[in-house]
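Colleague:
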Amino acid sequence: MSYFIFRDPRDVAVSHVFYVTDMEVKHVHHAYYASLPDFDARLKASILGRPDANVEFPDIAARFAPYLGWLEQPAVLKIHFEDLVNDRQTALARILEHFLQRCGPLPTPPSLILEALESSINPKKSPTFRSGKSGEWKKYFTPEHKSIFKDIAGHLLIRLGYETDLNW
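Residues in the sequence shown are numbered from 591 upward in steps of one, following our numbering.
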């Protein structure tokens, strides 16, 4: 049973800035991000990567690239992170259904399994949890960020189903 949970890459870029700058001072790129003048510059670095760095840090599209083959695998359930945030019950029901299709019925009623799944979700225990919101990128992306992102990863947003074209 395989599940591919992915998040809007624009939100990934914003989240990455907060994580590296404020939450994980031992991160390999923390000193670099801290040396940048402001959030704007840090967000550009998160989108563009650091091709000149000694420690590999590719652009946002290249960071997603190794996983995109999972989108083509029929046995893999594709789950938008945002569905787990905005419509968790439906997303968890899809996850359970995917499991049951491959394993067959279980002695435990599905409603109890769904309750157990729901109760086991505790983002505040995650060291990477900050806000858990979707669409936060809209607060932080300037027109320049949008342009850079479209050039680097506009096709990625379309492939992941976040946009239908580059007019966003």
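Note that the Cβ used here is the ideal one computed from N, Cα and C, for glycine as well.
1) Could you check the C-alpha separation between residue 727 and residue 697 for me, to the nearest Å?
2) Can you tell me whether residue 743 is buried or exposed? The criterion is at least 16 other CB atoms within 10 Å of its CB, across all chains shown.
3) Which residue wins for smallest C-alpha separation from residue 674, given the options 593, 754, 757?
4) With residue 769 as the anchor, note down where its alpha helix (DSSP H) starts and where it stops.
5) Taking the alpha carbon of residue 650 as the reference point, which residue from 753, 746, 752 has its own alpha carbon closest?
6) Please confirm whether residue 596 and residue 750 have their CB atoms less than 8 Å apart.
Modeller: This is what the structure gives:
1) The residue you call residue 727 lines up with position 137 of the sequence shown. The residue you call residue 697 lines up with position 107 of the sequence shown. Each residue's alpha carbon lies about 43 Å from the other.
2) Position 153 of the sequence shown, counted from the first residue, corresponds to residue 743. Classification of residue 743: buried, given that the 10 Å Cβ count is 16 or more.
3) Walking along the sequence shown from the start, residue 674 turns up at place 84. Out of 593, 754, 757, 593 has the C-alpha closest to the C-alpha of residue 674.
4) As shown, the chain starts at 591 and ends at 758. That puts residue 769 outside it, with no answer to give.
5) On the sequence shown, position 60 is the one that residue 650 refers to. Checked all of 753, 746, 752; the closest Cα to residue 650 is 746.
6) If you number the sequence shown from 1, residue 596 lands on position 6. If you number the sequence shown from 1, residue 750 lands on position 160. In this structure, residue 750 lies closer than 8 Å to residue 596 by Cβ.
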